[in-house]
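In my numbering, the protein residues as written are 15 to 317.
Glycine included, C-beta positions come from ideal geometry on N, C-alpha and C.
A quick write-up on the structure given underneath.
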Amino acid sequence: MAAGAGAHGAMTALREVVPVDAYEFVAFDPATGRHQSVVSDGHRRVDGDAAEEYTGLEAYRTAMATRRPVVMPEPGTELYFRRHLAPYGWRAGLTAPLFLAEGRYTGLLHLAARDAFPALTGRLVTAVSPMLAHVTDLTRCVIDPVGLPPGFRAVAFDRAGILREVPGRPVSEALRDDPAMPAYARAFIDSRELGRHGLWLDRSGQWHETRLLRAGVGYQGSLQGAVVAERPCSLPYDLTGREVDVLTRVAAGDSNPQIAAALVLSVRTVTTHLEHIFAKLACDSRTRLTTKALAEGLCRLDV
Numbered sequence: 015m016a017a018g019a020g021a022h023g024a025m026t027a028l029r030e031v032v033p034v035d036a037y038e039f040v041a042f043d044p045a046t047g048r049h050q051s052v053v054s055d056g057h058r059r060v061d062g063d064a065a066e067e068y069t070g071l072e073a074y075r076t077a078m079a080t081r082r083p084v085v086m087p088e089p090g091t092e093l094y095f096r097r098h099l100a101p102y103g104w105r106a107g108l109t110a111p112l113f114l115a116e117g118r119y120t121g122l123l124h125l126a127a128r129d130a131f132p133a134l135t136g137r138l139v140t141a142v143s144p145m146l147a148h149v150t151d152l153t154r155c156v157i158d159p160v161g162l163p164p165g166f167r168a169v170a171f172d173r174a175g176i177l178r179e180v181p182g183r184p185v186s187e188a189l190r191d192d193p194a195m196p197a198y199a200r201a202f203i204d205s206r207e208l209g210r211h212g213l214w215l216d217r218s219g220q221w222h223e224t225r226l227l228r229a230g231v232g233y234q235g236s237l238q239g240a241v242v243a244e245r246p247c248s249l250p251y252d253l254t255g256r257e258v259d260v261l262t263r264v265a266a267g268d269s270n271p272q273i274a275a276a277l278v279l280s281v282r283t284v285t286t287h288l289e290h291i292f293a294k295l296a297c298d299s300r301t302r303l304t305t306k307a308l309a310e311g312l313c314r315l316d317v
């Protein structure tokens, strides 16, 4: 569900029991450590620096410690209230920290009204906070990539290495738990490639067919990111792991002596591996071998 649709749907339900004239969802971005307004309604203008100003208040630190909403104006929030709420005619404000059920902080919800809030408002917002927290969870915001076949498990990364879930795809534990994967994804993001397809050997010795695709991550896909997806596989064409290594070097344009030096093999051994590879892939030249390897994702991804 899009953040905006989820926010407006949640607030429509909340307005059935609480008189809310305006609201604003503010997301915490773990990649930058800053807050940003993502969805609002009823405000004529949202101040870009209002969220960061609020997080500097003692009231914010109290709310984070207690996980309870702060009603405004109360001692310590008067200046903020006069600057950001009173000019628009609001007489009451309430700001709630949003935590997911597992306890991770995702942002803030600001409510404003022309009259005082009922006494139950704070308790009600606290009760629904885990549901509302999903609206501001930027780690879940990934623009669904085009061209990813069914059956792949996936994760997404931004350039800062923040891991995010991919909508509609089960999370790949193998990719998530590999400490080298964020840096590998960042290198892909910084490359000029639109996509990458190959074979990846995980730390347990299992081979995976693996694809990398560019994708927008963060709120409304505003950050450059990459989706990394995999599904376990056996090596195609009855290739061995060493033959995959040799084939990968051939596709990179290396000569037999260069392959031998890189893989610490004799040239004779490399020649023997190549004879087997040519036979298994039914190719009669290095050019055709390279074309087939790249087209079918037969090269090893060096994570």
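Return the chain-ordered list of same chain residues with a C-beta closer than 8 Å to the C-beta of Val317, the five sequence neighbours on each side being excluded. Residue numbering aside, residue 317 sits at position 303 when the sequence shown is read from its first letter. Counting only Cβ-Cβ distances below 8 Å, and skipping sequence neighbours, we find Asp192, Ala194, Met195, Tyr198 and Trp214.
Hey, would you say Val241 sits closer than 8 Å to Ala168, going by beta carbons? Along the sequence shown, read from residue 1 onward, the residue named residue 241 stands at position 227. Along the sequence shown, read from residue 1 onward, the residue named residue 168 stands at position 154. Yes, these two residues count as a Cβ contact at 8 Å.
When DSSP labels each residue in this structure, what does Leu138 get in the three-state scheme? Within the sequence shown, residue 138 is the residue found at index 124, counting from 1. Leu138: helix per DSSP, three-state reduction.
Could you say which of Ala265, Glu257 and Glu310 lies nearest to Arg293 if we only look at CA atoms? Position 279 of the sequence shown, counted from the first residue, corresponds to residue 293. The identity of residue 293 in the sequence shown is Ala, whereas the question assumes Arg. The option with the nearest alpha carbon to Ala293 is Glu257.
Name the residue from Pro89, Arg217, Met145 and Leu134 whose alpha carbon lies nearest to the alpha carbon of Glu116. In the sequence shown, counting from the first residue as 1, residue 116 sits at position 102. Of the candidates Pro89, Arg217, Met145 and Leu134, the one whose C-alpha sits nearest the C-alpha of Glu116 is Met145.
Using C-beta distances below 8 Å, list every residue in its chain close to Leu177, excluding the 5 sequence neighbours before and after it, in chain order. Within the sequence shown, residue 177 is the residue found at index 163, counting from 1. For Leu177, where only same-chain residues beyond five positions count, the Cβ hits under 8 Å are Thr153, Val169, Ala170, Phe171, Arg190 and Pro196.
Under a three-way DSSP split, which group does Arg96 fall into? Mapped onto the sequence shown, residue 96 falls at position 82. If DSSP states are grouped into helix, strand and coil, Arg96 belongs with the helices.
Express the C-alpha separation of Gly219 and Val331 in angstroms, rounding to a whole number. The structure shown does not extend to residue 331, since the chain is modelled only from 15 to 317, so the question has no answer here.
Arg183 versus Arg137, Phe39, Arg245 and Val149, residue with shortest Cα-Cα distance: Position 169 of the sequence shown, counted from the start, is the residue given in the question as residue 183. Ranking the options by Cα distance to Arg183, first place goes to Arg245.
Just checking my contact of Thr150 with Phe42 at CB under 8 Å: how many whole Å lie between their CB atoms? As a position in the sequence shown, residue 150 is number 136, starting the count at 1. As a position in the sequence shown, residue 42 is number 28, starting the count at 1. Contact holds; Cβ gap of about 7 Å.
Compare the Cα-Cα distances from Gly209 to each of Val84, Val40, Ala309 and Glu88 and report the closest residue. Here residue 209 is taken as the residue at index 195 of the sequence shown, counted from 1. Among Val84, Val40, Ala309 and Glu88, the Cα nearest to that of Gly209 belongs to Ala309.
Throw me the rounded Cβ distance for the His124 and Val52 pair, which I believe falls under 8 Å. Residue numbering aside, residue 124 sits at position 110 when the sequence shown is read from its first letter. Residue numbering aside, residue 52 sits at position 38 when the sequence shown is read from its first letter. Their Cβ separation, rounded to whole angstroms, is 12 Å, which puts His124 and Val52 out of contact at 8 Å.
Where do the ends of the beta strand (DSSP E) carrying Val231 lie? Here residue 231 refers to the residue found at position 217 when the sequence shown is read from its first residue. Residues Trp221 to Val231.
Per-residue DSSP class, three states only, for Gly212: Sequence index remark: in the sequence shown, residue 212 carries index 198 (1-based). Three-state result, Gly212: strand.
If you draw a straight line from the alpha carbon of Pro164 to that of Ala243, how long is it in whole angstroms? Position 150 of the sequence shown, counting from 1, holds the residue named residue 164. Position 229 of the sequence shown, counting from 1, holds the residue named residue 243. Near 10 Å, if we compare the C-alpha coordinates of Ala243 and Pro164.
Is Gly107 near His49, with beta carbons less than 8 Å apart? Working through the sequence shown from its first residue, we reach residue 107 at position 93. Working through the sequence shown from its first residue, we reach residue 49 at position 35. No, the pair does not count as a contact, with Cβ atoms beyond the cut-off.
Have a look at Met15 and Arg81 and give me their C-alpha separation to the nearest angstrom. In the sequence shown, the residue the question calls residue 15 occupies position 1. In the sequence shown, the residue the question calls residue 81 occupies position 67. Note that Met15 scores a pLDDT of 39, beneath 50, so its modelled location is shaky and nothing firm can be said.
Can you tell me whether DSSP reads Ser143 as helix, strand or coil? Taking the first residue of the sequence shown as position 1, residue 143 is located at position 129. If DSSP states are grouped into helix, strand and coil, Ser143 belongs with the helices.
Would you kindly work out how many angstroms separate the C-alpha atoms of Arg300 and Val264, rounded to a whole number? Numbered from its first residue, the sequence shown carries residue 300 at position 286. Numbered from its first residue, the sequence shown carries residue 264 at position 250. Roughly 7 Å separates the two Cα atoms.
Determine the DSSP secondary structure at Thr262, reduced to helix, strand or coil. Locating residue 262 in the sequence shown gives position 248, counting from the first residue. Three-state DSSP puts Thr262 in a helix.
Proximity to Ala229 [Cα-Cα], best of His290, Asp216, Leu162 and Asp259: Here residue 229 refers to the residue found at position 215 of the sequence shown. For Ala229, the nearest C-alpha among the options comes from Leu162.
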